[in-house]
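Engineer:
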Amino acid sequence: MNKKFTIKIKNGVLMFALFALFGLLGVPERLYSQISATQVQAVSKVIGKVVDEHKQPIPGVKVSIKDNPKIATTTNNTGEFILSPGKPGATLVISSIGFKRQEIILKSDLKLPLLVILKESTDELNEVVVTGYSTRSKESFTGSASTFTGEDLKRVGNKNILQSLQNLDPSFVLTENLSLGSNPNMLPDIQLRGQAGLDDIRGEYSGSPNLPLFILDGFESSLQKIYDLDMNRVASITILRDASAKAIYGSKAANGVLVIETLAPKEGKLRITYNSNFNVEMPDLTSYNLTNASEKLQAERNAGRYTSATPLLQQFLTEQANLIESDIARGVDTYWLSKPLRVGLGTKHGLYLEGGDANMRYGVDLNYNNLVGVMKESKRDNMGGSINLSYRSGKVSFRNILNVNFNKLVNSPYGTFGEYTKLNPYWAPIDEFGRINKILGQFQPSATAPIKYYYNPLYNATLNTKDFSTYTEVTENFYTEWQPTKALRITGRVGFTQNRNGSELFFPGDHTKFIAMTGDDFYRRGTYNITDGKSTTLNSDVFANWNKTWGKHLLLVNGGGNLGSTQAQTHGMAAEGFLNNRVDFITFAAQYAQNGVPNGSENIQREIGILGSANYSYDNRYLLDLSIRRNASSVFGANNRWGTFWSVGLGWNLHHESLIKNLNIFDMLKIRGSVGSTGSQSFNPYQAMATYTFFTNSTYDNISGTYLAALANDNLRWQQKIDNNIGLDINMLKRLNIRLDYYIANTKNLLTDLSLPPSTGFSTYKDNLGSLQNKGYEGTISYQLYRDAKSQSYVSIFGSFAHNSNKVTKISDGLKQLNREQQERTDNLSAPIIRFEEGQSMSSIWAVPSLGIDPATGREIFRAKDGSTTYEWNPNDQIVAGITDPALRGNFGVNLEYKGWGLSGTFRYTIGEDYYNSTLVSRIENVNIENNVDYRVFNNTWLNVGDKVPFKKITVNPIVTRATTRFIENKSDLTLSSVNVYYDFKWKNLKRIGLQNLKCSLLMNEAFVLSTVRIERGTDYPFARTFSFSLQTTF
Amino acid sequence: MNTTRSITYLILLCFAAGMISSCNKWLDVEPNSQIKSSELFKTESGFKEALAGVYTLMTAESLYGKELQYGMNSVLSHEWTSFPLVYNEEAEYDYQAVNVQNRINSVWNGLYQGISNSNYLLNEIDAKRSMFTGDNFAIIKGEALALRAFLHFDLVRLFGASYLVDMNKPAIPYVTQYSAKQTPQSTVKETYELILRDLEAAKELLKVDPIFTGRVITEADDTGYLLNRQLHLNYYAVEALMARLYYYTGAYEKARVAANAVITSGKFTYSSQSDLSAGNDLTGAHEHIFGLNINNLYNYSDLYLSKDRLISNTFFLSAAARNAYYPEGSVDYRYIYLFEVGEGDKASNYYLKKYNAPIASNLYYRNKSVVIKISEMQFIIAGSNLAEGKGIIEPLNKVRSGRGLTPLTVEPIEPTVTLLEEFRKEFFGEGQLFYQYKRLNRTIITGTDKNLVALKAYILPLPVAEYESGNRNSNR
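Residue numbers (the working numbering), protein chains in the order written: chain A, 1 to 1035; chain B, 10001 to 10476.
Have a look at this one:
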């Protein structure tokens, strides 16, 4: 490393200067008393002060011991620090963003206190990569990884870690869920570098097939836990993308790995940090464009709902229309969308206590998060706490983290938002006395036909419905570390997690969903479902890190093994018959659900792994990373228990080559490449075994019979992904940072259903057959426009981009069967059918080519496979009409800070995505005219012969418009994903009011979305804009 | 935190990680919600449960619970004058219709599921021989073999050409393995040979069957496991199946010998008039050489054969057809006791009570459905005689006298017609008439003007999935 550092240690003069300086800055008395000149020779403590080239103290500088980053502290507001290096001869590392790193060897004759003068630098590179098994210097790493700090996460959002990460890294994508919007109780679906598995259409995976692996403080963790994790607890988060980075996680790493480290307590006197957020969630209904009362009636008339050729019937229908018209005349025009919504006001508090000495440190964390959704009464309450203790004695150190979390999520009693978007505006929710109408309206197509009633979902909200679930999770992690020599460190870890959860769902008998239950079934109205579950995970591993330097050679070796086991169970019951609205306890049920039996599920999984990795570098120029992991898991077939995963990475630090070095432009110029294999295994844990299931509801000759559950496949194995990655890391002129990556990832042995001749006794069989390919590139660029360390001011801009495309390279006949099943589905005809074909992308939109609406008839003209034109929609004429993967996606924005004032704004964009506009289909063409419709129904639908319009004729009973190219649009989005304005009081002397620091910020999330396509966003739960005010302080 | 213990634990883990063999054992998890086959077959009762499982599979509505009895099979033979609307296409022999295809698929899949389960049991049983008590090894293995033969027999009766018409036509695969590997298709002749081979092996094993040896079984004896042999494919059921097989394949002498062996055993007697009139024993539990214990027998009957259900959802017989089927009505037990007249607009509809589980308190009669009964043996003798130009009235009279009818005194002028009419009286709503028509390759049958031979109605098409995944030859 190219480090120039200056240490000025001039004993007497220095002390004098320091005293003078302290006096000037008004240092409290107690600090003086600690800096005793007689302690100069004692090695147990190092005291010092960090200043910049202008002799100004620098607060927040990290001071740590090399080779043992756990011993670390930060300077206070006056730039002072105290650290216990533990042993003499250690190397002190002083680093701070914006300054060059310094290393000081603590010789015994070193005079204290130290005065460290840091030189400014524009080097903003993240210096380390945390892989979970080791912490590697970024310069020597050949993998593709990005590390973000807790501060980075907080800068771009305060909702949850995943949401923030999406704003930081272009390869990390939360797939947009247009139906569930901003439902706080909906866990997001994540893709890291695209889809590695097939869509889970049949539900054969135990989780999402694309879910990355989460490693929290060294242990595998669930998506739910990460979602509920308090962002303030996060020290760093590292995304491991390519084989070289993630192969050490073997059979679970195919979808990428996120390594999250929580804050370790710092030594010193008791420090209390308090974080508080006040959040305002406001529904975003701008994507809706529905008709008002009179427009809706007109739309119904246009569709012929009140038209008949028979005079008598015409009269009958006209009367009904007149009734509605008189209501409209009376002023009824209900904006139903706002009825179940509110402005959600939520709060979040976090309290963190830390302190301790060189040997023993403690951290106590308490947090409460009240996440309030925009649907009335929907919320997610999370309360948790953790105790973090660490103890060091000589060569051995221990650390223990105990974390307890309570969570309760409540879904809105108002039902789904979709119910409200359907309601007609000419219905009134309340009568003239302010009472809620249970029946909103009615329609009778003829005098003899039964009357159809429309019910008010608001009525249900007045009942005692219940829809909530809770969980309590206890995590106990224990770490022990033994460092017999400077070069060798042995770590052992044990992690235990227990999660207990439960949920209740209750609809009283008066709920409108039971209206059809009459006669004998009347007493069965009302249902109650209760489930409870428990899952227990025990993981442990032991590994050793060893390093050796000789000459220009540096070798790091890692080796270890792990064991893990998970056991989970759920049970539940359903009851029915709750005729009284006041009772809301399951014991008031008339009976168990008809023909019901207790339900439940259970699974056990175990795994073993051994791993080894080595990193060699020559002269810090040529780098080689090797890793191998052998992995076995109970979910695989008995013949294929063990799998081997490996990676090879190469890197070349060009900036250390004299030719480039002499240019004096590049601070870093690294080319790296890697190849390797990882696996994924998130599928049903018992499918590889021959198991028997008992008949639960019948016996044979007094014996309870049993039968084979499935055809076992003893050869079943993990899905294997081969990642090829090349990348470039550039840091130029201390201002410009660029990371570029290009990858091709092939997934083999995709788990698919193989169709069997049913004469085998089974119709399908799980096998590793399909394969698919992901290709893509991604990059991040940041540029520092201005920097002034003295005023701690800077302006920087950043941008990132990513592109990913996938292709099915091989599929089994089982998937052909799946295509057929999808084809035969009769629900949701408005959406294109999911279909997998070899050579095509999984994200393909299949639709029949459309030639538009025939002006003569108002019907759509299609082009058949043979080129002829037809009015008939034939599934065999479907072509790949578009691909939903965007051409480019990413983020860009600006971060600036001036004397404590800061602003950062982040945009998220997608460009060039093919999109099937199902809003147009389901709200205009396939609309059920009894429901509310999109305003566009007026403008462009075919009415008269000769109309050249994009939409076909609207009728009372429309012919369903199936997937057609007419509705494929090109979509590009721009989202202002976060704006954060803050003021950090570090420039004020907070000591006077007893504070160490104070920061206030205003944050706005998902402020707006600009899109080239007009679609209804948030059909079952609306999207929300979030504004929040937050306060961080330490005292 | 006990740190020493933790360290010890870690060292142990490290040690364990090195021991691959013990790891593999640790990785063999035992599910709670399902039972691993290796675990199930550790005990004799596991085998009993697996065997009971095969029988239970057979009791499904799509198999012997309905379709292969009074459902699809009886519609195909036009026994009913009225049946649920969903069977309209079967009545027209339109085997491509979606409803029909679904039913055919369920029959094929269900029967092969039973076969696969029998095969798994047979794979395991020889290695565990020493584990069995008493004669249970031979009996369970014999039954499993017999089940495999029985299920294939019904498959070939439905999906194979009639042996006497075209024995060399490709028919069904005779599956003897539990595997994803597909078994090649056999011809009709080969299938019958394989069935016979399994039946012979089963018969040999079942020589220890208490129903054959006469050993007295009590509740105390192995908790009464061998008490209800008629609910299992017992020795005589195997013998009866062999009689049936010989009869179908034209080995008439052997057929008569086997049928006589079952009859002369004297184990199976006709239901008494008093039992029938009291509604105690409508399916004739004492007559069953092999019957199934169908838990839902009454439920299905109540859904599809009840006078209280919608006409469009039920099977029934018109008054005229009932009178035509049973011309000597007033004395025929079957005419008197097995039908019930509807009310109101159903006043001329007659509903079959055969599967309406008896109300009698005697559990012995509950939920027993007929699969093979003693009267079929007489019909096999009669049919064999007929095929050889001999008289048929002697065996037919045995059945007639069991049903309260006077004996026939002269050989009928059209013996084939008489035989079929007597057969229909006896097996009404049991799904057997279709196979009789098929054996005789009747072009025209009562109740429809379709030409069954021209329509290839006697051979159900293989399911599409079997065709496509199995690349099968046409069986029709």
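Note that CB positions come from ideal geometry on N, CA and C, so glycine has one too.
Could you please give the first and the last residue of the uninterrupted alpha helix (DSSP H) stretch that includes Y368(A)?
Structural biologist: That residue, Y368(A), is in no alpha helix (DSSP H); its beta strand (DSSP E) goes 360-372.
Engineer: Note down, one range per segment and in chain order, each alpha helix (DSSP H) of at least 4 residues found wholly within the segment 10361-10416 of chain B.
Structural biologist: Here the runs fully enclosed are 10374-10387, 10393-10402.
Engineer: Three or more beta-carbon pairs under 8 angstroms between the segment 575-582 of chain A and the segment 499-513 of chain A, yes or no?
Structural biologist: yes
Engineer: According to DSSP, simplified to helix, strand and coil, what is D753(A)?
Structural biologist: strand
Engineer: Of the residues K999(A), L751(A), R630(A), which one's Cα is nearest the Cα of Y983(A)?
Structural biologist: K999(A)
Engineer: Going by beta-carbon coordinates alone, are P188(A) and L162(A) separated by less than 8 angstroms?
Structural biologist: yes
Engineer: Please confirm whether N891(A) and P170(A) have their CB atoms less than 8 angstroms apart.
Structural biologist: It is a contact, given that the beta carbons lie within the stated cut-off.
Engineer: Please classify H553(A) as buried or exposed, where buried requires at least 16 other C-beta atoms within 10 Å of its C-beta.
Structural biologist: exposed
Engineer: Which residues share a DSSP beta bridge with D934(A)?
Structural biologist: L290(A)
Engineer: Mind checking which residues open and close the beta strand (DSSP E) that includes Q10185(B)?
Structural biologist: 10185-10187
Engineer: Whose C-beta lies closer than 6 angstroms to the C-beta of N562(A) among residues of the same chain, with five residues either side of it excluded?
Structural biologist: Taken in chain order, the residues that qualify are D541, G609.
Engineer: Of the residues N697(A), A638(A), Y618(A), which one's Cα is nearest the Cα of N595(A)?
Structural biologist: Per the Cα distances, N697(A).
Engineer: Given a threshold of 16 other Cβ atoms within 10 Å of its Cβ, counted over all protein chains shown, does L1084(A) qualify as buried or as exposed?
Structural biologist: The first residue shown for chain A is 1 and the last is 1035, placing residue 1084(A) beyond what the model contains.
Engineer: On the CB-based measure, 16 or more other CB atoms within 10 Å of its CB, does L312(A) come out buried or exposed?
Structural biologist: exposed
Engineer: Looking at the C-beta of N10293(B), does it have a partner C-beta in chain A at a distance below 8 angstroms?
Structural biologist: yes
Engineer: For H10286(B), name the three-state secondary structure that DSSP assigns.
Structural biologist: helix
Engineer: Counting only beta-carbon separations shorter than 8 angstroms, does Y1043(A) have a partner in chain B?
Structural biologist: Outside the shown range of chain A, which is 1 to 1035, sits residue 1043(A), and nothing can be said about it.
Engineer: Less than 8 angstroms between CB atoms is the rule here; does D10028(B) satisfy it with respect to chain A?
Structural biologist: Closer than 8 angstroms to some Cβ of chain A, the Cβ of D10028(B) qualifies, so yes.
Engineer: Could you give the first and the last residue of the continuous alpha helix (DSSP H) run that contains G10114(B)?
Structural biologist: 10098-10125
Engineer: Quick check on G10470(B) - is its C-beta less than 8 angstroms from some C-beta in chain A?
Structural biologist: yes
Engineer: With DSSP run on the structure shown, which of helix, strand or coil describes E10143(B)?
Structural biologist: In the structure shown, E10143(B) adopts helical secondary structure according to DSSP, grouped into three states.
Engineer: Count the other C-beta atoms from every protein chain shown that fall within 10 angstroms of the C-beta of W942(A), then say buried if there are 16 or more, exposed otherwise.
Structural biologist: buried
Engineer: Counting along the chain, where does the alpha helix (DSSP H) carrying I10336(B) start and finish?
Structural biologist: Per DSSP, I10336(B) belongs to the alpha helix (DSSP H) from 10333-10337.
Engineer: Interface residues of chain A around T10183(B) at Cβ under 9 angstroms?
Structural biologist: P757, S759, T760
Engineer: Consult DSSP for R10322(B) and reduce its assignment to one of helix, strand or coil.
Structural biologist: helix
Engineer: Between S10037(B) and chain A, is there a C-beta pair that is closer than 8 angstroms?
Structural biologist: yes
Engineer: Would you say F695(A) lies against chain B (beta-carbon separation less than 8 angstroms)?
Structural biologist: yes
Engineer: When you compare only the Cα positions, how much space is there between Q442(A) and K422(A)?
Structural biologist: 15 angstroms
Engineer: By alpha-carbon positions, which one of S338(A), S850(A), V949(A), E930(A) ends up nearest to R936(A)?
Structural biologist: Ranking S338(A), S850(A), V949(A), E930(A) by CA distance to the CA of R936(A) puts V949(A) first.
Engineer: Taking just the CA atoms, how far does L174(A) sit from Q195(A)?
Structural biologist: 12 angstroms
Engineer: Could you check what DSSP says for E10190(B) in three-state terms: helix, strand or coil?
Structural biologist: Looking at E10190(B) - three-state DSSP - the assignment turns out to be helix.
Engineer: Check each candidate in L995(A), L650(A), M842(A), S390(A) and name the one with the smallest Cα separation from T809(A).
Structural biologist: M842(A)
Engineer: Go to R399(A), then tell me how far its beta strand (DSSP E) extends in each direction, as first and last residue.
Structural biologist: 396-410
Engineer: How about G10134(B): is its C-beta nearer than 8 angstroms to some C-beta of chain A?
Structural biologist: no
Engineer: When the cut-off is 8 angstroms and only beta carbons count, does L10241(B) lie next to chain A?
Structural biologist: no
Engineer: Any beta-carbon of chain B closer than 8 angstroms to the one on G770(A)?
Structural biologist: no
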